[in-house]
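Just below is one structure, and these are the notes that go with it.
Protein chains: 2
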Amino acid sequence: MDEFTSIAYWTSGRQPLEWQRERGVEQGIGDDAAVITLPAVTCGLTADAHMVLAVDTMVEHVHFNSITMADEDIGYKALACNVSDIAAMGAIPLHALVAISVPKSYDVDRIRRLYDGIYACADKYGVAIIGGDTTSAPSHLTISVTVTGAVEAGRALKRSGARPGDALFVTGPIGMSAAGLHLLQHAGEAEQSGYSRLIAAHQRPAPSVRAGRLLLQSGACTSLNDSSDGLASEVWEIAEASGVRLLIDEQALPKSGSMAAYAARAGVPPLDWMLYGGEDYILTGTVTGEDAAEVREAFLREGLPFYVIGQVKTGDPGVELLLSDEGFGQSQHSGAARGGRGSRRTILIEKRGYNHFSTVNG
Amino acid sequence: MDEFTSIAYWTSGRQPLEWQRERGVEQGIGDDAAVITLPAVTCGLTADAHMVLAVDTMVEHVHFNSITMADEDIGYKALACNVSDIAAMGAIPLHALVAISVPKSYDVDRIRRLYDGIYACADKYGVAIIGGDTTSAPSHLTISVTVTGAVEAGRALKRSGARPGDALFVTGPIGMSAAGLHLLQHAGEAEQSGYSRLIAAHQRPAPSVRAGRLLLQSGACTSLNDSSDGLASEVWEIAEASGVRLLIDEQALPKSGSMAAYAARAGVPPLDWMLYGGEDYILTGTVTGEDAAEVREAFLREGLPFYVIGQVKTGDPGVELLLSDEGFGQSQHSGAARGGRGSRRTILIEKRGYNHFSTVNG
Numbered sequence: 001m002d003e004f005t006s007i008a009y010w011t012s013g014r015q016p017l018e019w020q021r022e023r024g025v026e027q028g029i030g031d032d033a034a035v036i037t038l039p040a041v042t043c044g045l046t047a048d049a050h051m052v053l054a055v056d057t058m059v060e061h062v063h064f065n066s067i068t069m070a071d072e073d074i075g076y077k078a079l080a081c082n083v084s085d086i087a088a089m090g091a092i093p094l095h096a097l098v099a100i101s102v103p104k105s106y107d108v109d110r111i112r113r114l115y116d117g118i119y120a121c122a123d124k125y126g127v128a129i130i131g132g133d134t135t136s137a138p139s140h141l142t143i144s145v146t147v148t149g150a151v152e153a154g155r156a157l158k159r160s161g162a163r164p165g166d167a168l169f170v171t172g173p174i175g176m177s178a179a180g181l182h183l184l185q186h187a188g189e190a191e192q193s194g195y196s197r198l199i200a201a202h203q204r205p206a207p208s209v210r211a212g213r214l215l216l217q218s219g220a221c222t223s224l225n226d227s228s229d230g231l232a233s234e235v236w237e238i239a240e241a242s243g244v245r246l247l248i249d250e251q252a253l254p255k256s257g258s259m260a261a262y263a264a265r266a267g268v269p270p271l272d273w274m275l276y277g278g279e280d281y282i283l284t285g286t287v288t289g290e291d292a293a294e295v296r297e298a299f300l301r302e303g304l305p306f307y308v309i310g311q312v313k314t315g316d317p318g319v320e321l322l323l324s325d326e327g328f329g330q331s332q333h334s335g336a337a338r339g340g341r342g343s344r345r346t347i348l349i350e351k352r353g354y355n356h357f358s359t360v361n362g
Numbered sequence: 001m002d003e004f005t006s007i008a009y010w011t012s013g014r015q016p017l018e019w020q021r022e023r024g025v026e027q028g029i030g031d032d033a034a035v036i037t038l039p040a041v042t043c044g045l046t047a048d049a050h051m052v053l054a055v056d057t058m059v060e061h062v063h064f065n066s067i068t069m070a071d072e073d074i075g076y077k078a079l080a081c082n083v084s085d086i087a088a089m090g091a092i093p094l095h096a097l098v099a100i101s102v103p104k105s106y107d108v109d110r111i112r113r114l115y116d117g118i119y120a121c122a123d124k125y126g127v128a129i130i131g132g133d134t135t136s137a138p139s140h141l142t143i144s145v146t147v148t149g150a151v152e153a154g155r156a157l158k159r160s161g162a163r164p165g166d167a168l169f170v171t172g173p174i175g176m177s178a179a180g181l182h183l184l185q186h187a188g189e190a191e192q193s194g195y196s197r198l199i200a201a202h203q204r205p206a207p208s209v210r211a212g213r214l215l216l217q218s219g220a221c222t223s224l225n226d227s228s229d230g231l232a233s234e235v236w237e238i239a240e241a242s243g244v245r246l247l248i249d250e251q252a253l254p255k256s257g258s259m260a261a262y263a264a265r266a267g268v269p270p271l272d273w274m275l276y277g278g279e280d281y282i283l284t285g286t287v288t289g290e291d292a293a294e295v296r297e298a299f300l301r302e303g304l305p306f307y308v309i310g311q312v313k314t315g316d317p318g319v320e321l322l323l324s325d326e327g328f329g330q331s332q333h334s335g336a337a338r339g340g341r342g343s344r345r346t347i348l349i350e351k352r353g354y355n356h357f358s359t360v361n362g
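Top to bottom, those sequences are chains A and B. Sequence positions in the first sequence follow full-length UniProt numbering and run 1 to 362. Sequence positions in the second sequence follow full-length UniProt numbering and run 1 to 362.
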């Protein structure tokens with residue numbers, strides 16, 4: 001099969017033309033570029049909607065390998081992590097372009113399975129696949145996905161609006177993806193089967209599109225990020241962009257029971273995965289303090305979790321952690337102790353997470 | 001330097017905020033996603049402009065290596081080949097996102113030089129760099145650029161509108177990039193210095209944005225492609241998408257003098273580079289036969305070249321070449337001879353070019 005036949009084998013007949021048209025697609029795969037009209041009306045937005053654009057890359061042996069991800073998972077997650085970036089702006093995902101560089105030794109059916117995953121995620125989140133590029137590669141697979149979305153003009157949720165008095169929140173338990181990755185790398189099949197939710201959290205993350213829309217519609221959300229690089233890194237970004245100090249209460253961090261159980265078994269301090277693990281694709285951000293309870297109610301009405309985990313303070317940009325009574329246990333933290341609050345200590349936490357040039361993943 | 005510091009070192013202060021705002025940028029680099037409003041007014045388009053999106057990837061050791069491209073050239077060309085896709089729709093380029101996967105052994109200044117090239121191209125074509133993603137890679141650099149553009153609603157120039165009687169054209173000489181690549185791979189520095197235009201054609205291609213706009217404004221352009229994969233492959237795409245047969249007249253193909261001179265010296269049939277070389281980033285397409293002379297005049301008034309190289313016929317989709325008197329010389333063609341036209345023979349030409357799965361570059 002040549003390049004053009006392969007692309008047709010991977011993509012044709014996957015999404016009906018009418019379904020794509022509802023998403024504003026005038027010209028999809030098959031020309032020099034895709035052509036779209038911003039479908040404000042289909043999205044229920046005003047005509048002057050803004051467009052949101054993001055790109056994320058997954059590289060074999062960096063983000064995945066044959067032990068941690070099946071081919072379908074690679075495709076699914078490559079799109080899901082991009083949809084998460086759209087969700088983190090409070091926007092509605094619409095279109096995606098897929099750039100893929102494939103070693104010559106990979107057969108076309110392997111890439112077709114990868115596209116099975118892409119289209120499974122696309123169907124779930126209503127994303128039209130409108131174009132892409134396919135090249136060969138001397139070694140390792142690279143997949144880079146670009147997504148578009150739409151948001152009410154002037155209302156995209158950025159990182160920079162957190163103000164003292166705001167409440168800091170997360171929209172789901174954290175550290176599950178890192179625990180799943182640890183399981184895939186270190187545990188046998190029998191043990192893995194007992195923790196399928198952790199493995200699914202790593203392989204098939206669920207971007208928080210509905211949560212992002214609820215936050216935007218609440219009118220109370222002052223800053224928002226997704227937790228792709230780990231909670232510590234993401235809240236640091238909010239602190240720096242907003243020029244505020246954030247305090248996280250360790251006791252308020254939502255901990256999944258299976259993550260805690262596996263952490264104990266593996267001898268890993270769960271807080272390491274929760275703060276530095278990343279790839280959970282939940283949302284973290286701030287809402288005005290007086291509205292936090294109401295936002296939480298709105299989430300609960302839709303069956304979605306919402307946890308207040310701390311607050312915004314004045315002070316130099318940075319992130320503090322109020323330790324639980326038992327202290328920090330075995331975890332490594334280089335931040336200096338900042339004095340007591342009753343019997344509980346507050347420490348500064350580092351700005352690190354999955355950083356591609358200087359640190360390692362948890 | 002960590003990832004965030006590196007990105008700032010490569011990108012900050014490059015494009016003034018006001019300059020980006022004129023291109024509709026509400027939020028550029030520095031959040032989960034970029035936010036734009038389609039700047040129809042600044043482009044001089046109607047308010048219901050359509051948006052055009054394309055992505056193209058360049059992979060080290062596939063598209064370039066340290067012999068063929070300096071770091072600045074890699075960045076310049078990675079954006080230029082995307083701008084060319086926008087030009088090939090008759091659209092105006094506006095924004096770009098840059099996804100780059102970098103081996104750990106590459107230092108930050110090398111990538112900064114690559115960004116120097118990206119921004120040099122961005123400035124030349126008025127493209128706002130609004131986001132991206134940076135990851136590490138186990139080996140070889142991969143750069144994937146996504147571009148947006150705007151075009152009058154419903155008027156994007158596709159591949160599918162060629163009709164019998166139309167004239168087939170190119171907007172510049174072809175084969176120069178392939179000749180430049182051959183020089184870089186095979187010739188010494190002294191010889192290279194005599195052919196700087198060929199080398200520039202390979203390293204710093206000039207996408208045909210103005211030509212694309214002229215073609216759209218003429219109202220006479222029925223199909224359009226850029227020649228990224230080589231003329232043979234691109235006109236084949238038009239033939240197949242339009243359901244027509246195309247005839248190229250070898251004598252009408254615009255041949256650069258330096259390309260012909262170097263081809264003779266290197267012992268390569270120039271037609272191989274002209275038909276199968278690719279990466280020239282000129283435009284090829286069709287205009288209605290009765291308007292061809294007028295379109296050519298419009299190009300000449302702006303100092304731009306325009307060559308009619310053949311015509312659209314009825315018949316099974318395919319591409320024929322009317323050989324010049326002296327025949328095809330040493331070049332390899334597997335197409336069957338199709339009988340004479342006076343003393344000149346017509347052959348079928350293959351649908352090949354730079355195809356990442358089955359063939360080699362000329």
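Note that CB positions come from ideal geometry on N, CA and C, so glycine has one too. Quick caveat: nothing in here was measured; it's all calculated off a predicted structure.
It is roughly 12 angstroms from the alpha-carbon of residue 294(B) to the alpha-carbon of residue 308(B). Excluding five sequence positions before and after residue 218(B), the CB atoms of its chain that fall closer than 8 angstroms to its own CB belong to 287, 291, 294, 295 and 298, given in chain order.
In this model, residue 183(B) and residue 105(B) are separated by some 29 angstroms (Cα to Cα). Residue state for residue 158(B) is assigned as coil, using DSSP reduced to three classes.
Chain order gives no chain B residues near residue 173(A), where near means a beta carbon separation below 9 angstroms; the closest approach is about 20 angstroms. As computed with DSSP, residue 108(B) is found in no beta bridge at all. Annotation: residue 117(A) has no Cβ neighbours in chain B at a cutoff of 9 angstroms; minimum Cβ distance is about 19 angstroms.
Within 7 angstroms of the CB of residue 225(A), the CB atoms of chain B belong to 32, in sequence order along the chain. Residues of chain B with a Cβ closer than 8 angstroms to the Cβ of residue 26(A) are, in chain order, 50, 154 and 156. Judged by their CB atoms, residue 170(B) and residue 100(B) are not nearer to each other than the 8 angstroms cut-off. Close to residue 138(B), with beta-carbon spacing below 9 angstroms, are these residues of chain A in chain order: 59, 60, 61, 62, 139 and 140. Here residue 107(B) is not near residue 75(B), since their CB atoms are 8 angstroms or more apart.
The alpha carbon of residue 271(B) has as its nearest neighbour, out of 83(B), 284(B), 254(B) and 149(B), the alpha carbon of 254(B). In the three-state reduction of the DSSP assignment, residue 57(B) falls in the strand class, which pools E and B. C-alpha of residue 133(B) to C-alpha of residue 57(A): approximately 7 angstroms in a straight line. With fewer than 16 other Cβ atoms inside 10 Å of its own Cβ, residue 5(B) counts as exposed.
The DSSP-derived three-state label of residue 306(B) is coil. A direct Cα-to-Cα measurement between residue 97(B) and residue 110(B) gives close to 19 angstroms. When only Cα atoms are considered, residue 248(A) and residue 310(A) end up about 4 angstroms apart. Listed along chain A, the residues sitting closer than 9 angstroms to residue 88(B) by beta-carbon distance are 31, 32 and 33. Residues of chain A whose Cβ lies closer than 7 angstroms to the Cβ of residue 101(B) are, in chain order, 57, 59 and 142. In the displayed model, residue 279(B) falls within coil according to three-state DSSP, outside both helix and strand. The UniProt domain "PurM-like C-terminal" (163-316) of chain B contains, as complete alpha helix (DSSP H) runs of 4+ residues, the segments 176-186, 189-193, 196-203, 209-218, 231-242, 257-266, 270-276 and 292-301 (chain order). Judged by beta-carbon spacing, residue 79(B) lies within the 8 angstroms limit of residue 145(B), meaning their Cβ atoms are closer than that value. Pairing residue 187(A) with residue 159(B), the inter-Cα distance amounts to about 53 angstroms. Excluding the 5 residues flanking it on each side, residue 73(B) has same chain C-beta neighbours closer than 7 angstroms at 117, 203 and 204, in chain order. Rounded to whole angstroms, the separation of the alpha carbons of residue 27(B) and residue 16(B) is 13 angstroms. Under the Cβ distance rule, residue 85(A) counts among the residues neighbouring chain B, one pair being separated by less than 8 angstroms. Boundaries of the beta strand (DSSP E) harbouring residue 99(A): 92-103, taken from the DSSP string. By the Cβ neighbour-count rule, residue 152(A) is buried, with 16 or more other Cβ atoms within 10 Å of its own. Within chain B, the C-beta atoms nearer than 7 angstroms to that of residue 146(A) come from 55, 97 and 146, in chain order. Residue-level contact check: residue 159(A) touches chain B, since one or more beta carbons of chain B fall below 8 angstroms from its beta carbon. One thing to note: residue 179(A) has its Cβ within 8 angstroms of the Cβ of residue 273(A).
Beta-bridge annotation (DSSP): residue 22(A) is not paired with any residue. Counting only the Cα atoms, residue 211(B) lies some 9 angstroms from residue 302(B).
In this structure, residue 147(A) places its C-beta atom within 8 angstroms of the C-beta atom of residue 83(A).
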